[in-house]
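Trainee:
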Amino acid sequence: MEYSLHFGAVWASFDKLLSGLAIGLGLAVVAVAIGTVLGLLAAFASVGPYRLLRWAAAFYVSLIRNLPLLVLVLLAYFALPQAGITLDKYQSFAGALALYSGAYLTEVFRAGLISVPKGVIEAARAIGLTRLQTNVSVVAPIMLRNALPSLGNTFIGMFKDSSIAAAIAVPELTFEARKINVDTFRVIETWTVASGLYIAACVVIAALLRGLERRFPKF
Amino acid sequence: MQAFLDQLWIARWPLWEGLLLTIGSAAGSILFGTLLGVIVGVQLAYAPWWLRLPFRIYVDIMRGTPVLVLILAAYYIPAVAGLSLGPTQAGILALTLFAGAHIGELIRGSLQAIQPGQAEAGRSIGLTFPQLLAYVLLPQAVRSALPPWINTGVELIKGSSLLSIIGVGELLLKTQEVIGRNFMTIQFYVFAGILYLAINIALDQLGKAVERRVGQH
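Keeping their order, the protein sequence lines are chains A and B.
Residue numbering for the first sequence follows our numbering, beginning at 1 and increasing consecutively.
Residue numbering for the second sequence follows our numbering, beginning at 220 and increasing consecutively.
1) Assuming contact is defined by CB atoms lying nearer than 9 Å, are Ala-83(A) and Gly-35(A) in contact in what I supplied?
2) Counting contacts by CB-CB distance shorter than 9 Å, is Asn-401(B) in contact with chain A?
3) From this set, Ala-103(A), Val-187(A), Thr-134(A) and Phe-109(A), which residue's C-alpha is nearest Lys-118(A)'s C-alpha?
4) Have a look at Thr-307(B) and Val-387(B) and give me their C-alpha separation to the nearest angstrom.
5) May I ask you to verify whether the segment 231-250 of chain B touches the segment 349-364 of chain B, counting CB pairs closer than 8 Å and requiring at least 3?
6) Along chain A, which residues have their Cβ under 9 Å away from the Cβ of Leu-416(B)?
7) Quick one: residues in its chain with C-beta nearer than 8 Å to the C-beta of Ala-94(A), no 5 flanking neighbours on either side, listed in chain order?
8) Taking 9 Å as the CB-CB cut-off, is Ser-489(B) touching chain A?
9) For Val-286(B), does the three-state DSSP call read helix, strand or coil?
10) Interface residues of chain B around Asp-15(A) at Cβ under 8 Å?
11) Out of Ile-64(A), Thr-106(A) and Tyr-77(A), which has the shortest C-alpha to C-alpha gap to Ser-92(A)?
12) By DSSP, does His-321(B) sit in helix, in strand, or in coil?
13) With a Cβ-Cβ cutoff of 9 Å, do Ala-43(A) and Ala-58(A) count as a contact?
14) Once DSSP output is grouped into helix, strand and coil, what is the label at Asn-181(A)?
15) Counting only Cβ pairs nearer than 7 Å, list the residues of chain B close to Gln-133(A).
16) What does the alpha-carbon distance come out to for the pair Tyr-294(B) and Gly-20(A)?
17) Is the separation between the beta-carbon of Met-158(A) and that of Gly-112(A) shorter than 9 Å?
18) I need the straight-line Cα distance from Ile-156(A) to Glu-396(B), nearest angstrom please.
19) Let's see if you can read the secondary structure: which residues bound the alpha helix (DSSP H) around Asp-15(A)?
20) Return the first residue and the last residue of the alpha helix (DSSP H) that Tyr-60(A) is part of.
21) Return the CA-CA distance between Gly-215(B) and Leu-209(A), expressed in angstroms with no decimal places.
22) Judging by CA-CA distance, which residue of Tyr-415(B), Trp-228(B), Leu-316(B) and Ile-296(B) is the nearest neighbour of Leu-5(A)?
23) From Val-120(A) to Ile-127(A), what distance separates their C-alpha atoms?
24) For a quick check, are the C-beta atoms of Val-71(A) and Ile-168(A) less than 9 Å apart?
25) Distance check for Leu-346(B) and Gly-301(B), CA to CA, integer angstroms please.
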């Protein structure tokens with residue numbers, strides 16, 4: 001094997017890799033923000049009293065969780081225009097990832113809701129709070145705190161999945177790495193650096209989340 | 220609808236081949252990944268720290284890197300190392316390494332959840348460590364790791380769709396080729412989606428059934 005490592009060619013394009021990393025993070029933040037709203041709605045629906053809503057939430061979760069994200073992305077980018085809805089590549093990827101993360105977050109929030117002690121809910125009802133007030137000011141804060149570790153893991157998962165945006169030419173980290181790979185043939189160096197950047201970002205996010213968990217004591 | 224069914228009939232063999240390759244590459248990688256994962260799991264649970272360290276590094280790299288990056292790396296890197304792997308082999312290699320890390324963590328978790336009394340009892344009746352693993356610890360660990368192991372199968376079926384990006388002719392790539400001919404974008408992506416759903420929901424139900432049986436003890 002005649003191959004010696006030269007990281008120079010990769011460092012020369014390091015700014016592109018960093019901007020790719022930022023795009024991936026941005027897509028994950030937008031998607032998880034929308035996904036949190038979807039997940040909260042579906043989680044409350046899935047533990048609520050209405051059978052139709054429970055069924056709709058269960059359908060959403062098992063539909064999306066059993067589909068590959070790439071299929072959702074291709075549907076959003078290539079198939080929706082046939083139905084008259086045209087989204088650019090950023091919008092279609094963020095939309096697909098939001099829908100995808102929403103299904104995972106439904107499970108996360110559902111587990112959080114189940115973990116809220118019954119007595120707390122009864123106490124809130126007993127002092128005269130309406131069902132909505134109970135949910136908003138008593139159940140939701142406890143549930144969000146209990147769900148924080150899983151919410152963080154889901155965010156890290158979605159950040160890693162933002163690599164799939166490369167398939168529709170969004171210039172995020174994986175797309176840029178592939179370009180450097182093809183342009184320079186510094187194959188080992190490129191993928192080592194790209195993988196290292198992903199891992200470093202995951203480690204930093206995980207550390208930030210642990211800090212957040214410490215700041216808000218567990219209920 | 221009739222037009223779609225006509226096109227589907229024309230495309231039936233390529234799509235069938237794609238479906239087989241999707242199932243085959245997921246099955247191959249879960250098979251090799253399980254062999255790898257059992258070794259990794261045992262090392263993570265019982266090896267001394269200097270032996271455990273390389274396995275820990277391997278698992279953390281696999282878990283911190285997106286599957287697509289693993290697939291692209293497995294596709295491009297072997298060529299410069301003088302190995303020639305076809306896209307399918309490279310894809311299965313990447314998915315195997317990914318599955319090995321995840322299954323390794325599963326096995327580690329279930330091994331560590333076994334009460335220490337079990338290992339002590341085994342040692343006190345004179346079992347060597349390999350015997351202890353084979354007859355006492357692994358059967359119990361495998362049992363409790365079974366439901367999440369089936370879930371890994373769902374992840375691999377989904378992950379195998381990424382192999383289309385390096386040109387493996389699995390279900391999604393075949394679907395894209397069919398769409399390239401007839402431009403029925405929504406119909407054929409939805410059709411592929413239904414096939415993925417059918418496989419994964421079947422696996423999911425299997426996992427739940429196994430969980431109920433395992434949970435009875």
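Ideal Cβ positions, reconstructed from N, Cα and C, are used throughout, including at glycine.
Mentor: A quick look at the data gives this:
1) Residue 83(A) sits at position 83 when you count from the first residue of the first sequence. Residue 35(A) sits at position 35 when you count from the first residue of the first sequence. No, they are not a contact pair.
2) For the purposes of this step, residue 401(B) is taken as residue 182 along the second sequence, with counting starting at 1. Interface flag for Asn-401(B) against chain A is unset, since no Cβ pair is found closer than 9 Å.
3) For this step, residue 118(A) is matched to residue 118 along the first sequence. Residue Thr-134(A) is the option with its Cα nearest to Lys-118(A).
4) Translated into positions along the second sequence, residue 307(B) becomes position 88. Translated into positions along the second sequence, residue 387(B) becomes position 168. The straight-line gap from Cα to Cα measures roughly 6 Å.
5) Counting Cβ pairs under 8 Å, fewer than three are found: no touch.
6) The residue given as residue 416(B) occupies position 197 in the second sequence. Against chain A, the beta carbon of Leu-416(B) has neighbours under 9 Å at Ser-62, Leu-63, Asn-66 and Leu-67, listed in chain order.
7) As a working mapping, residue 94(A) is identified with position 94 in the first sequence. If we look at Ala-94(A) and ignore the five residues flanking it on each side, its Cβ neighbours are Leu-27, Val-30, Ala-31 and Ile-34.
8) Any property of residue 489(B) remains undetermined from this structure, which presents chain B solely from 220 to 436.
9) Numbered from its first residue, the second sequence carries residue 286(B) at position 67. When secondary structure is reduced to three states using DSSP, Val-286(B) falls in the helix class.
10) Taking the first residue of the first sequence as 1, we reach residue 15(A) at position 15. Per Cβ cutoff of 8 Å: no residues; Asp-15(A) is ~19 Å from chain B at best.
11) Along the first sequence, read from residue 1 onward, the residue named residue 92(A) stands at position 92. Checked all of Ile-64(A), Thr-106(A) and Tyr-77(A); the closest Cα to Ser-92(A) is Tyr-77(A).
12) Working through the second sequence from its first residue, we reach residue 321(B) at position 102. Helix, per DSSP.
13) Start at 1 with the first residue of the first sequence, and residue 43(A) comes out as number 43. Start at 1 with the first residue of the first sequence, and residue 58(A) comes out as number 58. Pairing Ala-43(A) with Ala-58(A) gives a Cβ-Cβ distance that is not under 9 Å.
14) In the first sequence, the residue the question calls residue 181(A) occupies position 181. DSSP places Asn-181(A) in the helix class (H, G or I) of the three-state scheme.
15) Position 133 of the first sequence, counted from the first residue, corresponds to residue 133(A). Those within 7 Å of Gln-133(A) in chain B number zero; the least Cβ separation is about 36 Å.
16) Numbered from its first residue, the second sequence carries residue 294(B) at position 75. Numbered from its first residue, the first sequence carries residue 20(A) at position 20. Cα-Cα distance, rounded: 21 Å.
17) One-based indexing of the first sequence puts residue 158(A) at position 158. One-based indexing of the first sequence puts residue 112(A) at position 112. When the beta-carbon positions are compared, Met-158(A) and Gly-112(A) stay at least 9 Å from each other.
18) Taking the first sequence and counting its residues from 1, one reaches residue 156(A) at position 156. Taking the second sequence and counting its residues from 1, one reaches residue 396(B) at position 177. Rounded to whole angstroms, Ile-156(A) to Glu-396(B) spans 33 Å at the Cα level.
19) Within the first sequence, the letter at position 15 stands for residue 15(A). From DSSP, the alpha helix (DSSP H) with Asp-15(A) extends over 14-47.
20) Numbered from its first residue, the first sequence carries residue 60(A) at position 60. Going by DSSP, Tyr-60(A) is part of the alpha helix (DSSP H) stretching over 51-65.
21) Residue coverage of chain B in this structure runs from 220 to 436, which leaves residue 215(B) outside it and unanswerable.
22) Numbered from its first residue, the first sequence carries residue 5(A) at position 5. For Leu-5(A), the nearest C-alpha among the options comes from Ile-296(B).
23) Here residue 120(A) is taken as the residue at index 120 of the first sequence, counted from 1. Here residue 127(A) is taken as the residue at index 127 of the first sequence, counted from 1. Between the alpha carbons of Val-120(A) and Ile-127(A) lies a distance of about 11 Å.
24) Here residue 71(A) corresponds to residue number 71 of the first sequence, with the count starting at 1. Here residue 168(A) corresponds to residue number 168 of the first sequence, with the count starting at 1. No, the pair does not count as a contact, with Cβ atoms beyond the cut-off.
25) The sequence position of residue 301(B) within the second sequence is 82, counting from 1. The sequence position of residue 346(B) within the second sequence is 127, counting from 1. Cα to Cα, the separation comes out at about 45 Å.
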